[in-house]
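Student:
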Amino acid sequence: MSAPIIALDGLLVRYGKFTALHGVDAIFSGGSLGLLGPNGAGKSTMLRSILGLVRPTAGTAQVLGVDARKSGTELRRRIGYMPERDAYIGGFSAVRGLAHLAEICGFPKDDAMLRAHDVLHFVGLGEERYREVSTFSTGMRQRYKLAAALVHDPEVLFLDEPTNGLDPQSRARMLGLIERITKDHGLHLVLASHLLHDVERLCQEVWVMEGGKMRLSGSISDLTAAARGARRVTIANDQGAAFHAAAEAAGFACSREGDGRSFVVHHEDRVVEPDEIFRLAQNNQMVITSIRPAARSLEDAFLEVLEGE
Amino acid sequence: MAFRAAEYERYTGPRSKRPAWWPLLTATLQRGWSSRWVRRITWISLIQGFGLCVLAYVLNDVVPTWRELTERVGEMAGAEDEIKLDGRVYLWLLNMFVYPVLLPLALLFGYDLISKDLETNATEAYFARPITPASYLLGRTLAFVGFLLAATLGPMLMVWLADYATSEAEHFQEIAKVPLGITLALSFIAVVLALFVQAVSVLTKSGTWTNLIFVVIFLFGSAMASILYNMTDNVDMLSISLLHNVFVVCAYIMDELPKRQDYADPGVVFTVMSGIGIVSFMILMRGLRRRSMLG
């Protein structure tokens, strides 16, 4: 079995008296990982620890089998990082700035320039490559940052809020680019984002953080699967209110959705069996038009974790 | 990799083992040279040095005894110290090649060297790559020092070469210690100054404020040094003046410190200059770490 891409073992980071990460343990085996959490959850500290930019108080962060604390500098040759804030070299054209960054990663001068041209073409900034980045629009700057993360051909890509401030068209374009890189070229992706739809679209796994602690980790398909045995029930017209009352009287928790005919029915302690719903409907002379496992969105799962349910 | 590729491709070419600060050094030199005024000051300084070289050759041809004549004219003019064209001449040349160049060049080259990187978050882009704050500072500072030395030490060494080439063999004994001495002295001063300007720019985060503060420290320091010296009669007060310190450092390292008493003790001067350098370095490292959110 190959080594995990990221392995965190009791990762503890303190800034003075403030503890930013509380001994986090987690493993990311490869593919694409979404890093979720509200502001101040510790996502950025975790990314910086993984990049070897922040020295952990205790514990270890291994990336690609390398200890980020001991060999952070060497590790950053193999990692591409797109920061949340704008980050560019003032006074340089886009292509000159990227070539300069590639040179720092050990590219020979000519190769660095060629690579900078290519990466800018890839992100759709080929025509603008001789402009200074300070003159770029928000969308162009985001794509430039992606190009900067890619220019030295990393093995793992860390993207911090890559679609921040983008209009829907630019966002779709950015997500498309990231999808192409990760799916077609085998780059591993770690995506920190507030936008759950972006994570749901791009990632297979997710880590949910809050208050510097890992609250949840797992595959997105598992998280969005049947929610603790709940059922989504759709009943015939005009019977919504009656069904709701009957379900609650029978001890189920029942929440109404959408048009008033759909309900998510669940029980605190056990799986809700379809037979129970059918019996309930039969006893109350109601007609059920569909009954299926209640899948939940990533947003539901995320909120559920944060609300401590 | 094909040129103008619209598809992402993996890089399969070689990677060099060159230190990460090297590209930063070359890029900083290019950035400095792209400034019209930095180019002008450097060229003017070098051309002045070249002019003196030519003058030495011409005088040597036209008036072979020009050295003795100059020394005699100096005595006739009633100079306080004995006039002799030995290593002390190079201390006088500081007035030509160092004092007028140091302040404008340091400001024009260094005022936004790091503050601009902080303003555009370039430091975050740098430190996400295999470069540490210390390497970053090394690349930037070496380029800065290189420019300062090219415009100050460069012409002085040119003049020394011309002096050596046009003089009698015994004159070499009088000026033998000049190249090493002036190189060490100006290198020390250039490093301190480069660190100091960059530290001010990290603190202010603004090129304009860096310029203003540096000019005030440079000029106000010289004025205050004289005032405090006169008030307290303590000659070490002169070490507040950067220009005074430049002279003492050069004179001391070249072993040509005048016997007059109106110079601060070299020990005090070196302590002040080293202190400025060390504190500046600490401010820079702390500023880079904090502003780039490194822990």
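Protein chains in written order, with the working numbering: chain A, 2 to 310; chain B, 7 to 301.
Just so you know, even glycine gets a beta-carbon here, dropped at the ideal spot from N, CA and C.
Where do the ends of the alpha helix (DSSP H) carrying Gly-227 of chain B lie?
Tutor: As a position in the second sequence, residue 227 of chain B is number 221, starting the count at 1. 213-238 is the span of the alpha helix (DSSP H), which, as asked, contains Gly-227 of chain B.
Student: Short check: CB of Leu-48 of chain A to CB of Gly-73 of chain A, under 8 Å?
Tutor: Numbered from 1 along the first sequence, position 47 holds the residue referred to as residue 48 of chain A. Numbered from 1 along the first sequence, position 72 holds the residue referred to as residue 73 of chain A. No; because the gap between Cβ atoms is not below 8 Å, this pair is not in contact.
Student: From A:Ile-7, A:Val-14, A:Ala-8, A:Leu-34, pick the residue whose C-alpha is nearest to that of Gly-219 of chain A; which is it?
Tutor: Position 218 of the first sequence, counted from the first residue, corresponds to residue 219 of chain A. The shortest Cα separation from Gly-219 of chain A among A:Ile-7, A:Val-14, A:Ala-8, A:Leu-34 belongs to A:Leu-34.
Student: Check the Cβ of Gly-273 of chain B against every Cβ in chain A and list those closer than 7 Å, keeping chain order.
Tutor: Here residue 273 of chain B corresponds to residue number 267 of the second sequence, with the count starting at 1. In chain order: nothing, as chain A lies at least about 38 Å away.
Student: Kindly indicate which residue of A:Thr-183, A:Gly-17, A:Glu-206 has the alpha-carbon position closest to the one of Glu-15 of chain B.
Tutor: For the purposes of this step, residue 15 of chain B is taken as residue 9 along the second sequence, with counting starting at 1. Checked all of A:Thr-183, A:Gly-17, A:Glu-206; the closest Cα to Glu-15 of chain B is A:Thr-183.
Student: Any idea which residues DSSP pairs Cys-106 of chain A with across the strands?
Tutor: Position 105 of the first sequence holds residue 106 of chain A. For Cys-106 of chain A, which the question treats as bridged, DSSP gives no partner whatsoever.
Student: Quick one: does Ser-212 of chain B have its CB under 8 Å from some CB of chain A?
Tutor: Along the second sequence, one-based indexing puts residue 212 of chain B at 206. No, no contact with chain A.
Student: Would you say Leu-22 of chain A and Gly-43 of chain A are within 8 Å of each other, going by their C-beta atoms?
Tutor: The residue labelled residue 22 of chain A in the question sits at position 21 within the first sequence. The residue labelled residue 43 of chain A in the question sits at position 42 within the first sequence. Taking 8 Å as the Cβ cut-off, Leu-22 of chain A and Gly-43 of chain A qualify as a contacting pair.
Student: Using C-beta distances below 6 Å, list every residue in its chain close to Val-288 of chain A, excluding the 5 sequence neighbours before and after it, in chain order.
Tutor: Translated into positions along the first sequence, residue 288 of chain A becomes position 287. Contacts found: Ala-237.
Student: With which residues is Pro-294 of chain A paired in a DSSP beta bridge?
Tutor: As a working mapping, residue 294 of chain A is identified with position 293 in the first sequence. Pro-294 of chain A pairs with A:Arg-232.
Student: Helix, strand or coil: which one does DSSP assign to Lys-214 of chain A?
Tutor: For this step, residue 214 of chain A is matched to residue 213 along the first sequence. Three-state DSSP puts Lys-214 of chain A in a strand.
Student: Residues of chain A with a CB under 7 Å from the CB of Leu-249 of chain B: which are they?
Tutor: Mapped onto the second sequence, residue 249 of chain B falls at position 243. Neighbours of Leu-249 of chain B on chain A: none; closest Cβ ~31 Å, over 7 Å.
Student: Taking 8 Å as the threshold (C-beta atoms), are Gln-205 of chain A and Ile-221 of chain A in contact?
Tutor: Counting from 1 along the first sequence, the entry for residue 221 of chain A is found at position 220. Counting from 1 along the first sequence, the entry for residue 205 of chain A is found at position 204. Yes; because the gap between Cβ atoms is below 8 Å, this pair is in contact.
Student: Whose Cβ in chain B lies nearer than 9 Å to the Cβ of Ala-149 of chain A?
Tutor: Against the first sequence, residue 149 of chain A aligns to sequence position 148. Per Cβ cutoff of 9 Å: Ala-131, Ala-134.
Student: Tell me which residues share the same chain as Ala-254 of chain A and place their Cβ nearer than 6 Å to its Cβ, disregarding the 5 neighbours each side in the sequence.
Tutor: Indexing the first sequence from 1 puts residue 254 of chain A at position 253. Excluding sequence neighbours, Ala-254 of chain A sits near His-267.
Student: Using three-state DSSP, classify Gln-286 of chain A as helix, strand or coil.
Tutor: For the purposes of this step, residue 286 of chain A is taken as residue 285 along the first sequence, with counting starting at 1. Coil, per DSSP.
Student: Is Val-157 of chain A near Leu-188 of chain A, with beta carbons less than 8 Å apart?
Tutor: Locating residue 157 of chain A in the first sequence gives position 156, counting from the first residue. Locating residue 188 of chain A in the first sequence gives position 187, counting from the first residue. Yes; because the gap between Cβ atoms is below 8 Å, this pair is in contact.
Student: Got a sec: which bits of the segment 83-97 of chain A sit with their beta carbon under 9 Å from any beta carbon on chain B, in order along the chain?
Tutor: Flagged, chain order: Met-83, Pro-84, Arg-86, Asp-87, Ala-88, Tyr-89, Ile-90, Gly-91, Gly-92, Phe-93, Arg-97.
Student: Compute the distance between the beta-carbons of Val-184 of chain B and Gly-281 of chain B, then report whether it is under 8 Å.
Tutor: Against the second sequence, residue 184 of chain B aligns to sequence position 178. Against the second sequence, residue 281 of chain B aligns to sequence position 275. Contact: no.
Student: Under 7 Å, CB to CB, which of the residues in the segment 98-110 of chain A have a partner in chain B?
Tutor: If the cut-off is 7 Å between Cβ atoms, the segment 98-110 of chain A has His-101, Leu-102, Glu-104, Ile-105, Cys-106, Gly-107, Phe-108, Pro-109 near chain B.
Student: Say whether chain A places a C-beta atom closer than 8 Å to the C-beta of Ser-22 of chain B.
Tutor: Position 16 of the second sequence holds residue 22 of chain B. So, interface residue.
Student: Using DSSP with H/G/I as helix, E/B as strand and the rest coil, what is Asp-223 of chain A?
Tutor: Residue mapping note: residue 223 of chain A aligns to position 222 of the first sequence, counting from 1. Residue state, collapsed to three classes: helix.
Student: At the level of alpha carbons, what is the spacing between Phe-9 of chain B and Pro-20 of chain B?
Tutor: One-based indexing of the second sequence puts residue 9 of chain B at position 3. One-based indexing of the second sequence puts residue 20 of chain B at position 14. Below a pLDDT of 50, predicted positions are generally treated as unreliable, and Phe-9 of chain B, at 48, falls in that range; the measurement from the model is reported next regardless. C-alpha separation (whole angstroms): 17 Å.
Student: Return no unless some Cβ of chain B is closer than 8 Å to the Cβ of Ile-182 of chain A.
Tutor: Working through the first sequence from its first residue, we reach residue 182 of chain A at position 181. Yes, because at least one Cβ of chain B sits closer than 8 Å to the Cβ of Ile-182 of chain A.
Student: Provide the residue span of the alpha helix (DSSP H) that contains Glu-180 of chain B, from first to last.
Tutor: On the second sequence, residue 180 of chain B is found 174 positions in, with the first residue counted as 1. Its alpha helix (DSSP H) spans residues 177-181.
Student: Hey, quick one: how far does the alpha helix (DSSP H) through Cys-255 of chain A stretch, first residue to last?
Tutor: Position 254 of the first sequence, counting from 1, holds the residue named residue 255 of chain A. Premise fails: Cys-255 of chain A lies in the beta strand (DSSP E), 254-258, not in any alpha helix (DSSP H).
Student: Considering Cα atoms alone, identify which of A:Ala-231, A:Ala-148, A:Leu-196, A:Ile-90 is closest to Glu-162 of chain A.
Tutor: The residue given as residue 162 of chain A occupies position 161 in the first sequence. For Glu-162 of chain A, the nearest C-alpha among the options comes from A:Leu-196.
Student: Measure the alpha-carbon distance for Glu-310 of chain A versus Leu-151 of chain A and round it to whole angstroms.
Tutor: Counting from 1 along the first sequence, the entry for residue 310 of chain A is found at position 309. Counting from 1 along the first sequence, the entry for residue 151 of chain A is found at position 150. Its pLDDT being 47, under 50, Glu-310 of chain A is placed unreliably by the model, and the measurement read from it follows with that caveat. Approximately 39 Å between the Cα atoms of the pair.
Student: Using 8 Å as the limit for Cβ to Cβ distance, is Ile-269 of chain B near chain A?
Tutor: The residue labelled residue 269 of chain B in the question sits at position 263 within the second sequence. One point to set straight first is that residue 269 of chain B is Tyr, not Ile, in the sequence displayed. No, Tyr-269 of chain B lies away from the interface with chain A (no Cβ there is under 8 Å from its Cβ).
Student: When you compare the CB of Phe-9 of chain B with every CB in chain A, is at least one pair closer than 8 Å?
Tutor: As a position in the second sequence, residue 9 of chain B is number 3, starting the count at 1. Per-residue confidence for Phe-9 of chain B stands at a pLDDT of 48, beneath the threshold of 50, marking its modelled position as unreliable; no derived number is given.
Student: Please state the DSSP three-state secondary structure of Gln-204 of chain B.
Tutor: Residue mapping note: residue 204 of chain B aligns to position 198 of the second sequence, counting from 1. Helix at Gln-204 of chain B.
Student: In its own chain, which residues sit with a C-beta less than 6 Å from the C-beta of Leu-160 of chain A, not counting the 5 before and 5 after it?
Tutor: Residue numbering aside, residue 160 of chain A sits at position 159 when the first sequence is read from its first letter. So the list reads Met-83, Leu-192, once near-sequence residues are dropped.
Student: Under 7 Å Cβ to Cβ from Gly-261 of chain A, same chain only, skipping five residues before and after it: list those, please.
Tutor: For this step, residue 261 of chain A is matched to residue 260 along the first sequence. Around Gly-261 of chain A: Gly-241.
Student: Grab the span of the alpha helix (DSSP H) containing Ser-263 of chain A for me, first residue to last.
Tutor: Translated into the one-based positions of the first sequence, residue 263 of chain A becomes position 262. Where Ser-263 of chain A is concerned, there is no enclosing alpha helix (DSSP H), although the beta strand (DSSP E) it sits in stretches over 263-267.
Student: For Ser-121 of chain B, which residues from the same chain have a beta carbon less than 8 Å from its beta carbon, with the 5 sequence-adjacent residues on both sides left out?
Tutor: For the purposes of this step, residue 121 of chain B is identified with residue 115 of the second sequence, where counting begins at 1. Once the five neighbours on either side are set aside, the close Cβ partners of Ser-121 of chain B are Ser-207, Val-208, Thr-210, Lys-211, Ser-212, Gly-213, Thr-216.
Student: Residues of chain A with CB under 7 Å from Thr-147 of chain B, in chain order?
Tutor: By 1-based counting over the second sequence, the position of residue 147 of chain B is 141. Simply none; closest approach about 16 Å.
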